[in-house]
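Participant:
There are 2 protein chains.
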Amino acid sequence: MAKTTSTPASRPLRSTAEIPLRPVGVLAPDAGTHTGRIPLGHERPRALDPAFRPSAFAGESVPFTATAFREGHDLIGVHVRVFSPSGHESLHRLTALGDGFDRWSVLISPIEEGLWRFRFESFADDFATWAHAAALKIAAGVDGPLMRMMGVGLLTRAAAQKDRPAAERRALRAAAQSLKDPDVTDDDALIVVGDRQLSAFFTARPLTSLTTAGPTRELLVERERAGVGAWYEFFPRSEGAVRRKDGSIKSGTFRSAMGRLPAVAAMGFDVLYLPPIHPIGETNRKGPNNTLTAGPGDPGSPWAIGSTAGGHDTVHPDLGTLADFRAFVRAAATQGLEVALDLALQAAPDHPWVTQHPEWFTTLPDGSIAYAENPPKKYQDIYPINFDNDPEGIRAEVLRIVRLWIGQGVRIFRVDNPHTKPVQFWEWLIATVNAEHPDVIFLAEAFTRPAPLLALAQAGFQQSYSYFTWRNTKPELEAFLTGITGETADIMRPNLFVNTPDILTEYLQYGGRPAYRIRAAIAATAGASYGVYAGYELFENVARPGAEENIDNEKFEYKVRDWAGAEASGDSLAPYLRRLNEIRRAHPALRQLRGLRVHYSDDDAILVYSKHIPAPLTADGESDTIIVVANVDPHSVRQTTVHLDQTAWGGTPGAPFVVEDLITGSTWTWSDHNFVRLDAFFEPVHILHVRGTR
Amino acid sequence: MAKTTSTPASRPLRSTAEIPLRPVGVLAPDAGTHTGRIPLGHERPRALDPAFRPSAFAGESVPFTATAFREGHDLIGVHVRVFSPSGHESLHRLTALGDGFDRWSVLISPIEEGLWRFRFESFADDFATWAHAAALKIAAGVDGPLMRMMGVGLLTRAAAQKDRPAAERRALRAAAQSLKDPDVTDDDALIVVGDRQLSAFFTARPLTSLTTAGPTRELLVERERAGVGAWYEFFPRSEGAVRRKDGSIKSGTFRSAMGRLPAVAAMGFDVLYLPPIHPIGETNRKGPNNTLTAGPGDPGSPWAIGSTAGGHDTVHPDLGTLADFRAFVRAAATQGLEVALDLALQAAPDHPWVTQHPEWFTTLPDGSIAYAENPPKKYQDIYPINFDNDPEGIRAEVLRIVRLWIGQGVRIFRVDNPHTKPVQFWEWLIATVNAEHPDVIFLAEAFTRPAPLLALAQAGFQQSYSYFTWRNTKPELEAFLTGITGETADIMRPNLFVNTPDILTEYLQYGGRPAYRIRAAIAATAGASYGVYAGYELFENVARPGAEENIDNEKFEYKVRDWAGAEASGDSLAPYLRRLNEIRRAHPALRQLRGLRVHYSDDDAILVYSKHIPAPLTADGESDTIIVVANVDPHSVRQTTVHLDQTAWGGTPGAPFVVEDLITGSTWTWSDHNFVRLDAFFEPVHILHVRGTR
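So the protein lines, in turn, are chains A and B.
Following this note's numbering, the numbering of the first sequence begins with 981 at its first residue and continues without gaps.
Following this note's numbering, the numbering of the second sequence begins with 981 at its first residue and continues without gaps.
1. I want to verify the contact list: residues of chain A whose CB lies under 9 Å from the CB of G1133/B, in sequence order.
2. Can you pull the chain A neighbours of E1407/B, defined as C-beta to C-beta under 7 Å?
3. If contact means a Cβ-Cβ distance below 9 Å, which residues of the region 1365–1377 of chain B contact chain A?
4. What does DSSP give as the partner residues of N1611/B in its beta bridges?
5. For Y1556/B, does the count of other Cβ atoms within 10 angstroms reach 16, so buried, or fall short, so exposed?
6. Name the residue from N1475/A, G1021/A, A1523/A, A1495/A whose alpha carbon lies nearest to the alpha carbon of T1196/A.
7. Pick from N1264/A, A1527/A, P1474/A, P1255/A: whose alpha carbon is nearest that of A1506/A?
8. I need the boundaries of the alpha helix (DSSP H) containing L1135/B, first residue and last residue.
9. Sorted by chain position, which residues of the same chain lie with C-beta nearer than 6 Å to A1206/B's C-beta, five sequence neighbours on each side aside?
10. What does R1203/B pair with, by DSSP beta-bridge criteria?
11. With distances taken Cα to Cα, identify the nearest neighbour of L1518/A among L1642/A, W1543/A, D1370/A.
12. Should N1452/A and V1622/A be called a contact, given that it needs their Cβ atoms to be closer than 8 Å?
13. Need the endpoints of the beta strand (DSSP E) that G1094/A sits in, please.
14. List the residues of chain A that L1190/B touches, going by C-beta distances under 8 Å, in chain order.
15. Where do the ends of the beta strand (DSSP E) carrying A1046/B lie?
16. So, at 8 Å on beta carbons, what are the nonlocal neighbours of I1498/B in its own chain, with the 5 sequence-adjacent residues on each side left out?
17. Does the contact criterion of 3 or more C-beta pairs under 8 Å hold for the region 1041–1058 of chain A versus the region 1082–1089 of chain A?
18. To which residues of the same chain is K1535/A closer than 6 Å at the C-beta, ignoring the five residues directly before and after it?
19. Is K1117/B close to chain A? Criterion is C-beta to C-beta, closer than 8 Å.
20. Output the boundary residues of the alpha helix (DSSP H) element that contains S1179/A.
21. Taking G1133/B as the reference, which of I1118/B, L1159/B, A1119/B, A1151/B has the closest Cα?
22. Taking a cut of 9 Å between CB atoms, which residues from the region 1076–1087 of chain B lie near chain A?
23. Am I right that V1062/B and S1070/B are in contact with their C-beta atoms under 8 Å? What's the rounded C-beta distance?
24. Where does V1639/A fall in DSSP's three states?
25. If contact means a Cβ-Cβ distance below 9 Å, which residues of the region 1027–1058 of chain B contact chain A?
26. Check the Cβ of P1356/A against every Cβ in chain B and list those closer than 7 Å, keeping chain order.
27. If D1143/B sits next to R1002/B, beta carbons under 8 Å apart, how far is it from one beta carbon to the other, in whole angstroms?
28. Taking contact to mean at least 3 C-beta pairs separated by less than 8 Å, is the region 1279–1295 of chain A in contact with the region 1309–1329 of chain A?
29. Please check the pair Y1510/B and L1476/B, which I expect to be a contact at CB under 8 Å, by giving their CB distance rounded to whole angstroms.
30. Can you tell me which of the three DSSP states S1158/A falls into?
31. Give the range of the alpha helix (DSSP H) segment to which E1562/A is assigned.
32. Please list the residues of the region 1404–1429 of chain B that have a C-beta atom closer than 9 Å to any C-beta atom in chain A, keeping them in chain order.
33. So for K1358/B, helix, strand or coil by DSSP?
34. Residues in its own chain within less than 7 Å of A1635/A by CB, not counting five upstream and five downstream?
35. Sorted by chain position, which residues of the same chain lie with C-beta nearer than 7 Å to L1302/B's C-beta, five sequence neighbours on each side aside?
36. Output needed for T1649/B: all residues of its chain with C-beta closer than 6 Å, excluding positions within five of it in sequence on either side, in chain order.
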């Protein structure tokens, strides 16, 4: 069994509005209807399909929201009752958003990992209804004595409640006495009605009636890394690879790749993702630049898995042994890096499965096994698995393989092209593995349409690649960032990779070095998870003609890079990446998926967003607010006015505040409307910390 | 028991893509997962909350849609299997919308009333997958023999299926023979692959595998009037009221009001809605213009129900007897008018309930009964009901009253302010009444926020008043029309009243006669249901200062109007309303809630929308398309270009077509981009029929 993160049992969650725990009390009769006495609806967090459950990561700021209203003018309140996996029960008061849609919300950050339960409770807020009416009516000279009499009744009822502190009960009795006292004028009675301490008593312990309980729902809370992390991808065969005198290249190994770990760790990354480390097929091996014929020294694509040396359960002999791999994983851990392994369920024609289990592939009427294809194109170095011929057999084998790598210390799998395999299979696999090892994380490389992307997330993938690479203009990024941090965040956690061996976008190809800086800054600050594929820091921006990926692609070749030389000559983005990751570590707002708000600017290329986490949700009890202002046009100098809605971080509209640019150290006094000038060739992005937070 | 509309058992529905009924065949194993083998999701029609069921009206064009996709490149198909209340089963093929979101849809129009069931089925479309690959690969010279061999297998498998007509099986065998024949060239084989008749065979009876069945869901189908109708509201006490020589007014009666029925029927209305017809309270009766003191001749508000003469089960003595009421209902029916009665659950202080059942109200600590109020305002002519003191007693009484009026021939209730009573109560009442009388319709006067409006609709109200009166500008109307015809149409059917005794909008107050024409034309064409309150046709547009309702409001006074005189002098909108209702009767597209598409125009006040119903869904098998172009600025002459997306009605972009203005009789040849000039003072709205439809 996997080790689970220990959590102090006394503090399994944080909340912006936790109130003393009380039993629910008398429930309103349900009348045999689907509608409760005080209707509740659209309860979140929730999955797209109610058959599935939503999820969150430990420490995530999760909005618990519901629609609730009652007939007429009387006021209501809404609680959410939350049960941690270990059985800790707590109660939280929701705030009306006042948006006209009767939405209520509270932010809760679950810390304990496991399956949580929660239930919304709506109720008539008898004190608030009275206080609202009494304030208006007494001031208007209407029904003063009656309103005071009603107040005496409510305050006396509250004062009799045994779960209130003695001092509070005394204060309630005193307030009742004032309202009752004929010598107390209506003006003085109004002071009692509007008393803040009194209303705070009732916020914490409301006088409820007509209480309506919604259904109890589940929320799966996974470890923090399921949602938060800076990823780095490298090919171990390139790290420590050496160019021989004859021009041929000697493969790197796990041992030689260890030499690169300190530099990756020094850049501040959390996860090191390795493309497949298994033997590579020889039949129909691809050559450089995806050509059909490989030369004798060409290593082939690591995704063409399997040869006579073995399949998915084997390490490529050039990389070393299983023991070497374990040593690599340990060395990474020493540097604070978790290793993520690729899980690519497909086979090269030489894979042992092909002879041992031909039923796991598609045999065509001519007796041949079907290659992967996108008609009329064929990919003759790969056989796709047919999941329908022997589903039980395939499941058992994949489970065996995943368990094997878990046994070698792997807890993160980056799943190659999950959308080319049945969603049903993944739902089963992830549930089965997580039942044994709740700390195992699966990242879906679901570069596909929205429906399968979301279905895979809903089925259990802890993370997904996203459309980030193809969202480069300001309106594209505004829609993208608003989308990923909205309702889909209840099931999908995007990992904002800036590039991959398969993706070198036009923006990077033609945007020059500023483009690399801009994209890294946005990914690292907007994404709770983001990733970089090695070579990004060297601004490798030449594409194979007609393709959206690097020329002389590492998928088919060894890459010998001079990391240190580039950094020494100032030609590396590594220092910038290091700074971005430092900022991420210092600022909890950036380690959140949600809490992002897009703000306006008057320029069509100046993107503005803030990220905020309120004080009650952070480990040290301090709030954190970051404002990012990015010039997303890498060819220009732009100046414009940025318009901020300070309520996004609980600020006061119109108030001044001091921001510090965490990249340059400059500070400015800002307010709602602020001048900015961003030179793409100098510093295209402000990452501004709002002083006084943290 | 109520009479139900008879339906020919052989034709309980219409569909744009009904295919021969077949059993589902072998289902893919479900693997113990929530995800099916070929995932299905977001199935519609559906309610907001899955605990409730969606509804439709008989003859409604209902989109049955689902998200469906599979892994990889193989093609799929989607069916919906539909079961009518009487058990008729049918199968319908969905079309991929091709919008990138993997949505599939088919339009079905249920005719039989009652509770339908439906279930989506997704499947691998083996023929389509082969035909797609074969067309590309044979043309590219890749795997020609193999693709032909696979085709032979598929065609032979299909030819063996017993449920195919003999001619089809012969054609399939012949096609297989061609593919097998070495003398048939690849070019000729491609003709077989692309043969339309062959592909039609497989559209109707696909070769399926991996079939996945979604859950079976319900759809309540109610009678047509639940969704379609032109409503007219009058106060019976005003119809036939006579001004005496002393200036006082003698109340109209049911008998005198009968005299107005032929004129209402002649205008083409379907439903006549009467404000409450019960005795009116005398205590605190309101005088003219909502003043607090009524004179001896002031009749009071019909919504202040109850006096010593009786309550909700009684007819106001001034109007006549229960027998007179029945005669009125019969007379209306003779004119083709259904009578809708007001159901206003509140009491005047004189209501018999107040003494017999004080527990149905709220007794205050000073022993008084609480008036209706919106603090600090009080409405001293009305006691609101407290639904929580004796819920069983109140339910029994309301049910008794509703049954009583059903017994008098009423089948439609317009419910006053339902949002000031518990949603739970309405869910119970409507379910209970509809269980006895499925033909009874409740219209919610839910002028409230979106959440309660939708909750009431979801809880069972057949119709709702809407925000139409406050949506007057082009962008407001575009958003409103798109909204009401979208997903909420699965639960909410808006009735687009143009005015009510409570609502005389600024647009009508200040827009002059053109405003009345514009609003009526939009309501009658955009709304499957719409309504007019008497006096609209006389352009009564003077408001009580500071209020959004008519001065000298009929709620508090008798109105003696000269309908015939106004029409004779050309000062009546009645002829225009008559024409609108004629057009509605002639055009089934206008008797649909959905099938509306907003189109662009270059002017900020020229609103454009089309309504369309395809041929298979109409009673006579002819399609119908209407294009409405409205100048919503009542003070101007506007000319602009209207840009139409002809695909909205299955037309061909760029093709010319002839439109006839159903108001003026003018005809024009139109295409995608069309010049219009609309003079608000002449004819502000084109209602264009696309010739060749109908």
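Even for Gly, the Cβ is constructed at its ideal location relative to N, Cα and C.
If you're wondering where the values come from, they're calculated on a predicted model, not measured in any experiment.
Facilitator: Quick look at the numbers:
1. As a working note, residue 1133/B is residue 153 in the second sequence. The answer, in chain order, is P1345.
2. Locating residue 1407/B in the second sequence gives position 427, where the first residue counts as 1. Ordered by position in chain A, the residues that pass the 7 Å Cβ test against E1407/B are T1013, H1014, T1015.
3. Close to chain A, meaning a Cβ-Cβ distance shorter than 9 Å, are the following residues of the region 1365–1377 of chain B: F1367, D1368, P1371, R1375.
4. The residue given as residue 1611/B occupies position 631 in the second sequence. For N1611/B, which the question treats as bridged, DSSP gives the partners I1586/B.
5. Walking along the second sequence from the start, residue 1556/B turns up at place 576. With 16 or more Cβ atoms within 10 Å of its Cβ, Y1556/B is classed as buried.
6. Mapped onto the first sequence, residue 1196/A falls at position 216. Answer by Cα proximity: G1021/A.
7. Within the first sequence, numbered from 1, the residue matching residue 1506/A stands at position 526. Closest option to A1506/A, Cα to Cα, is P1474/A.
8. By 1-based counting over the second sequence, the position of residue 1135/B is 155. First-last of the alpha helix (DSSP H) with L1135/B: 1124–1139.
9. Taking the second sequence and counting its residues from 1, the one referred to as residue 1206/B is at position 226. Answer for A1206/B: F1037, I1421, Q1442, listed in chain order.
10. In the second sequence, counting from the first residue as 1, residue 1203/B sits at position 223. Beta-bridge pairing links R1203/B to no other residue.
11. Looking up residue 1518/A in the first sequence gives position 538. Ranking the options by Cα distance to L1518/A, first place goes to W1543/A.
12. In the first sequence, residue 1452/A corresponds to position 472, counting from 1. In the first sequence, residue 1622/A corresponds to position 642, counting from 1. For N1452/A and V1622/A, no; Cβs fall outside 8 Å.
13. Here residue 1094/A refers to the residue found at position 114 when the first sequence is read from its first residue. Residues 1094–1105.
14. For this step, residue 1190/B is matched to residue 210 along the second sequence. In chain order: D1368.
15. The residue you call residue 1046/B lines up with position 66 of the second sequence. Run containing A1046/B: 1042–1048, per the beta strand (DSSP E) assignment.
16. Walking along the second sequence from the start, residue 1498/B turns up at place 518. Only G1491, A1610, N1611, V1612, P1614, A1660, P1664, V1665 meet the Cβ criterion.
17. yes
18. Within the first sequence, residue 1535/A is the residue found at index 555, counting from 1. Within the same chain, K1535/A has close Cβ partners S1281, P1481.
19. Here residue 1117/B refers to the residue found at position 137 of the second sequence. Closer than 8 Å: yes.
20. As a working mapping, residue 1179/A is identified with position 199 in the first sequence. Counting along the chain, the alpha helix (DSSP H) containing S1179/A begins and ends at 1176–1184.
21. Looking up residue 1133/B in the second sequence gives position 153. Residue L1159/B is the option with its Cα nearest to G1133/B.
22. G1080, F1081, D1082, R1083
23. The residue labelled residue 1062/B in the question sits at position 82 within the second sequence. The residue labelled residue 1070/B in the question sits at position 90 within the second sequence. At roughly 5 Å, the Cβ-Cβ gap stays under 8 Å, so V1062/B and S1070/B are in contact.
24. By one-based count along the first sequence, residue 1639/A stands at place 659. In this structure, V1639/A counts as strand in the three-state DSSP scheme.
25. With the criterion set as a beta carbon lying under 9 Å from some beta carbon of chain A, the members of the region 1027–1058 of chain B are L1028, D1029, P1030, A1031, F1032, T1047, A1048, F1049, R1050, E1051, G1052, H1053, in sequence order.
26. Sequence index remark: in the first sequence, residue 1356/A carries index 376 (1-based). Here the neighbours are L1116, K1117, A1120, V1122.
27. As a first step, residue 1143/B is located in the second sequence; it is residue number 163 there, counting from the start. As a first step, residue 1002/B is located in the second sequence; it is residue number 22 there, counting from the start. The pair is a contact, with the Cβ atoms about 6 Å apart (cut-off 8 Å).
28. yes
29. Against the second sequence, residue 1510/B aligns to sequence position 530. Against the second sequence, residue 1476/B aligns to sequence position 496. Right, the Cβ-Cβ distance comes to about 4 Å (below 8 Å), so this counts as a contact.
30. As a position in the first sequence, residue 1158/A is number 178, starting the count at 1. Residue state, collapsed to three classes: helix.
31. Indexing the first sequence from 1 puts residue 1562/A at position 582. Start and end: 1554–1566.
32. Q1404, F1405, W1406, E1407, W1408, A1411, T1428, R1429
33. If you number the second sequence from 1, residue 1358/B lands on position 378. Strand.
34. Taking the first residue of the first sequence as position 1, residue 1635/A is located at position 655. If we look at A1635/A and ignore the five residues flanking it on each side, its Cβ neighbours are Q1626, S1651.
35. Residue numbering aside, residue 1302/B sits at position 322 when the second sequence is read from its first letter. Around L1302/B: V1295, Q1388.
36. On the second sequence, residue 1649/B is found 669 positions in, with the first residue counted as 1. The residues P1636, V1638, in chain order, have a CB closer than 6 Å to that of T1649/B in the same chain once the five nearest residues on each side in sequence are set aside.
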